[in-house]
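> Count along the sequence shown from 1, add 80, and you get the number used in this note's numbering.
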Amino acid sequence: MIDKTYSSAAAAVADIPDGASLAVGGFGLSGNPIALIEALLAQGTGDLSVVSNNCGVDDWGLGVLLRAKRIRKMTSSYVGENKEFERQFLSGELELELTPQGTLAEKLRAGGSGIAAFYTQTGVGTQVAEGGLPRRYDGSGGVAVASPAKDVRTFDVHGEPKEFVLEEAIRTDFSLVHALRGDRHGNLVFNKAARNFNPLAAMAGRVCIAQVEELVEPGDIDPDAVHLPGVFVHRIIEVGTDIDKRIERRTVRTEEEA
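1) I need the DSSP call for R189, collapsed to helix, strand or coil.
2) Assuming Q291 and P180 make a contact with CB atoms under 8 Å, what is their CB distance in whole Å?
3) Taking only three categories from DSSP, how would you classify F235?
4) Here's the rule I'm using: 16 or more other beta-carbon atoms within 10 Å means buried, otherwise exposed. How should T206 be labelled?
5) Taking A282 and F312 to be in contact with their CB atoms under 8 Å, please state how far apart those CB atoms are, rounded to whole angstroms.
6) If contacts are defined as beta-carbon pairs under 8 Å, then L178 and N133 qualify, I think. What distance do you get, rounded to the angstrom?
7) My understanding is that R315 touches I289, with C-beta atoms under 8 Å, so please give their C-beta distance in whole angstroms.
8) Just tell me which of A305, V257 and V93 has its CA closest to the CA of L280.
9) Tell me where the alpha helix (DSSP H) around L246 begins and ends.
10) Figure out for me which residue from G310, G222, I250 and E164 has the closest Cα to the Cα of L188.
11) Inspect the beta-carbon positions of A284 and T321 and report whether they are closer than 8 Å.
12) From P214 to R147, what distance separates their C-alpha atoms?
13) For the segment 261-295, list the alpha helix (DSSP H) runs that are entirely contained and at least 4 residues long, ordered along the chain.
14) Less than 7 Å between C-beta atoms, sequence neighbours within five positions excluded: which residues of the same chain meet that for A226?
15) Taking C-alpha atoms, which residue in I96, E328, K242 and Q123 lies nearest to L141?
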């Protein structure tokens, strides 16, 4: 088996070119591959088309690439707490393909599984299926680019006809993910909510780059504990357990309330 380790985040992302498409893990601020994102920012790569559940916040996660105007298009399910994301979209600076969250997850999984497309009931009877959902504004409140109509078919479900919309799978040039633990062969273990989109993003990338908090030797991870097998992972770097981890919105009680 090939040792897939790289010496640094900069070395791991060095060949990502301008105009590349990326699938990036993370759910809110959980499981963001921040070391790889910052390395990409430092090397100046731009005109990126990024697929991720959301776009971080203004000063962290994918938000740092967005703020630097390195992202041309986002495919996401949630604008979230990122005010710059909202501003760029409404001003016409950023293209956005807004996708239902479960559909986005399945599009990534399908891409990594060699499935070209699938039918789902999600979005039937809405602009998701019928088209016209704004993808880019013209800066004056008008819609410059709208989503196209999608194929809708009727299938028999337990004796009842139901409509389904066709969704195409997502396959990207690269994927960037964060895992709790990984070995030199690329087998990964994710921690709690970081497992939501990271494995799916990893599967969708033709070249998957993983940052892990702890790098171990092959055989140190129980095969039954592996969340994503190394066949999907091409490069791996260790970032340490003390890497910065943000909380999107911290809510605490005072001592008196507690």
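Ideal Cβ placement from N, Cα and C applies to all residues, glycine included.
Computed from a prediction, not measured in an experiment: that's the story for all the values here.
Inspection of the coordinates gives the following:
1) In the three-state scheme derived from DSSP, where H, G and I count as helix and E and B as strand, R189 is classed as helix.
2) Approximately 28 Å separates the beta-carbon atoms of Q291 and P180; this is outside 8 Å, ruling out the contact.
3) Judged by DSSP in its simplified three-state form, F235 adopts strand.
4) Using a 10 angstroms sphere on the CB of T206, the tally of other CB atoms stays under 16, which defines it as exposed.
5) Sure, about 5 Å apart at Cβ, within 8 Å.
6) Actually they are not in contact, since the Cβ atoms of L178 and N133 sit about 12 Å apart, beyond 8 Å.
7) So it is a contact: roughly 5 Å between Cβ atoms.
8) Comparing Cα positions, the closest option is V257.
9) Segment E240 to E248 is the beta strand (DSSP E) holding L246; no alpha helix (DSSP H) there.
10) It is I250.
11) Their beta carbons are not under 8 Å apart, which means A284 does not touch T321 by this criterion.
12) Computed Cα separation, rounded: 21 Å.
13) Complete alpha helix (DSSP H) runs here, min 4: 278-284.
14) Closer than 7 Å at Cβ, skipping near neighbours: G211, G212, L213, P214 and R215.
15) First, the amino acid is wrong: residue 141 is Gly here, not Leu. Looking at the Cα atoms, E328 is the closest of the given residues.
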